[in-house]
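Read through the structure below, which is laid out as structure tokens, and then see the notes.
Written out as structure tokens, the structure is:
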């Protein structure tokens, strides 16, 4: 087989020929990171992204880690690196990155010293200490390689074995010779002897390996390209050579040199084979495949740099005059390319172009100021109002420039385009002529709407007007409404065919004559007509009758007009800006918003917002008011500060994959009360442990980063669950949380992604605030127990003291009680004796009166003496009862009256008919004085009845009734007879009635005497118990 000559030259020609055709289909965003950004050294040799998302860079003076904002530099002095210039970084499948150094005094040869840095602890150890079961010495290693998804491979030819390493399986042997080699190659010396000799003597590398019929390595500081169907081109250079030499290896195992006259043997369609861990050779032509085998950076002979991948083809990254020299490159998880160069670190992002840009500053747009306003497009023409001049673009490429004044709105009616600015003009599409129609005296016209074939409604800065096309007359309207519309950006009919004007100061409902009949704004007196936003830029009604209001600084509002409810979308919802100028809806249930920072897409069903910026290919990040359009095919147009951005939403419907970026915790420090300062607990937090802090002075400082490596301003949010009601938003990459009350909490943090969405991945930190010891349950319980014990002790001591005192007092009381009992008995005996003597004396008086009655001859004298005797008898009975009772304080009135009635029975003996007594007496105790008074009243009344009431009565009856009314504290005592009654004219003349009156007053009672079938005496007095 004859190999075609000039292989590499043909590659170069093919590359250049494809650049112009394919570069326009992609957007290349480049960002240079240099020492001014904090990069420790501008000369970079290698780089890699670790499993956490951090970027690690090998420089000529040490190792550094990059998180998008900060660099951490590792050196020999501070971190124990055993070398300075780092040749390669090889990550394992766990937390180790192997560091290979350049041999001192050489610019290309590797050293035999290898270190490993643990990306979790950031500690550096020699390779044999990091891998304690290393089956070989580091001096046996000739090279190390790794590919995506494959183990780390250590090349140790002197041991007749290579080794692979994974964290799970450890080190595994892999044979160098024998099964797996190409046919005819039984050992390394079967390779071209001369070349092998040179390679062994100067580079000490001459191994070719094969696995599963695929060449995976050739070790001569080489880079390999696969020619499908043919074989492999192997690039290498000997130390003394000024340029690279090339070998060709076919599938049959034949290997021979290729000179500069060779030809290409095939096309580059498959993946490019990974290179070894080497630095860049300063040569005429170098190829740098990436570690994932998906692409290659090619530095061409003229010093220009291109990128090749199967998806993009060849794309120019740097022109030759930029003089960029690439040492190596790698791709991150998001598909960005990172180029290590002699001038710094380049981040390169390549995106397929979706948006089409028109009339930008980079294109011949024929306008001094290409800020766009009005837009119209259909199958036959494309018209746009630039700030300086409307430009009409026909579909055949015929362009017509209409010079004149500043321009705003464009409306098509029949075969005419109506153009507005400070005046109204008409453009005849067929004749391609423009005609001046009217000078507007109400400032610039922002919007136009045909309300009939002959009437055009104009919305201007100063209000509304109707232009009559037939007569050419302009009429101001809506002048008499209390709220005058200002800056009218849009006029449209809603689904109910209402005519509506979108003004900056509200949404106005218009009549067909243009008069305002209703208004919705922020200051409407009717709550059902109040809008939440102060400044409106655009309003759109969708097919469901929902209104979408875009505003200045307040974001987007969803307005259910029927129920008058609102839902707001802002930065926290995913928008990059709350200044929104215009809105359109596509055919896929998405709303498109032109903001002052990019183009936003809101899916109405999911509420997900996706943002597009200049990095995605739009013309400019800042769009304009009243500058958007949707054509009949569904293509959307948005005008901005730099021309027009157009696109077909079908190209974007559900096609943009939301990228995920690592969101990591960088540092966490909590306050340690014992040390009186902050303590680093980052490792514990990352491991998921709970951070415990005392209540007194609890605080923690933490820093975090979203590893998207974007230069934009990042936004974060955090919330302490069960403490904060809502998320707290911040642009800082660090926060401090302090003064939490005792309890368990979860501190949550989230980051806003470049497209405006909030990351699903959150940083969650478990916090426990330990209360002060005096607030803990055990302390409170112990304190309560102690208090209870103290109370019990005090109570017992008090009881003992009280018992002693009571015993003493009881002794005294007993003594005094004994004395009092003696005195009481003496007094009782004395009282009984007094009552006895009084009774005896009264009885003696009664006896004397009885003798006097017997001796008296006059009946009148006898009656007087008998009355006196009865009265003395009542008093005697009281003293007799007191003498015969043990308790001298009171007398039972029932017993007293009963005995008193019995004593009076002798008065009845002389009567012709015996007197019956009926008594109903409550058992009430009264004192001596009350009983005596009541007895005297009873005696007088009964004597009076017996003597005078029954002369004409056959069956005399006297009823005595005494009842105690406890509710009112009164005693009611009544005496009634069935005699002849009494003479009311003489009822108070006798001595007896005077005595009744005296004793009634003594008891502080009231009495009454009346005739009611006899004489009735009723007496009521206060109940005073004895």
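Numbering (the working numbering), first residue to last: 220 to 1245.
Glycine is no exception: its CB is placed at the ideal position from the N, C-alpha and C atoms.
- Counted as a single uninterrupted DSSP element, the alpha helix (DSSP H) harbouring residue 1119 occupies residues 1112-1122.
- DSSP places residue 265 outside any alpha helix (DSSP H); the residue lies instead in the beta strand (DSSP E), whose first and last residues are 263-268.
- Per the coordinates, the alpha-carbon of residue 984 lies some 30 Å from the alpha-carbon of residue 349.
- If you draw a straight line from the Cα of residue 1114 to the Cα of residue 1140, it comes to about 9 Å.
- Taking 7 Å as the cut-off, the Cβ atoms of residue 842 and residue 862 do not count as close.
- Residue environment analysis places residue 607 among the buried positions, since at least 16 neighbouring C-beta atoms fall within 10 angstroms of its C-beta.
- The Cβ atoms of residue 1146 and residue 1109 sit closer than 7 Å to each other.
- Within the region 556-635, there are no complete alpha helix (DSSP H) runs of at least 4 residues.
- Here residue 525 is buried: its Cβ has 16 or more other Cβ atoms, across all protein chains shown, within 10 Å.
- DSSP, reduced to helix, strand and coil, places residue 679 within a strand of the structure shown.
- Looking at the DSSP output, residue 913 sits in a beta bridge with 989.
- Here residue 922 is not near residue 890, since their CB atoms are 7 Å or more apart.
- For residue 1155, the enclosing alpha helix (DSSP H) has its first and last residue at 1147-1167.
- Cβ neighbours of residue 587 within its own chain (closer than 6 Å, five residues either side excluded): 607.
- Per DSSP, reduced to three states, the secondary structure at residue 1009 is helical.
- For residue 392, the pairing in a beta bridge is given by DSSP as 382.
- About 20 Å separates the Cβ atoms of residue 567 and residue 581, ruling out a contact at the 8 Å cut-off.
- Here residue 958 is exposed: its Cβ has fewer than 16 other Cβ atoms, across all protein chains shown, within 10 Å.
- Distance from the Cα of residue 752 is smallest, within the candidate group 781, 728, 789, 734, for 789.
- The continuous alpha helix (DSSP H) containing residue 1211 extends over residues 1210-1221.
- When 278, 267, 245, 244 are compared, the shortest CA-CA separation from residue 253 is found for 278.
- DSSP, read as helix, strand or coil, puts residue 342 in coil.
- Following the DSSP letters along the chain, one finds residue 298 inside the alpha helix (DSSP H) bounded by residues 295-298.
- Contact between the region 660-676 and the region 701-716 is present: 3 or more CB-CB pairs across the two stretches fall below 8 Å.
- Ranked by Cα distance from residue 716, the options 537, 728, 610, 708 are led by 728.
- In the three-state reduction of the DSSP assignment, residue 868 falls in the helix class, which pools H, G and I.
- Under the DSSP definition of a beta bridge, residue 1015 lacks any partner.
- Secondary structure of residue 1063 (DSSP, three-state): helix.
- The residue from 947, 266, 928, 1197 with its alpha-carbon nearest to that of residue 1168 is 1197.
- In the DSSP secondary-structure assignment, residue 933 is not bridged to any residue.
- Secondary structure within the region 752-778: the beta strand (DSSP E) runs of 3 or more consecutive residues, fully enclosed, are 755-760, 766-770 (chain order).
- The alpha-carbon of residue 295 is positioned some 29 Å away from that of residue 543.
- Here residue 938 has 946, 967 as same chain residues with Cβ atoms under 6 Å from its own Cβ, once five neighbours each way along the sequence are excluded.
- Cβ atoms of residue 800 and residue 844 come within 8 Å of each other, at about 5 Å.
- Rounded to whole angstroms, the Cβ separation of residue 1061 and residue 1087 is 11 Å, and the two are not in contact under 8 Å.
- A distance below 7 Å separates the beta carbons of residue 516 and residue 548.
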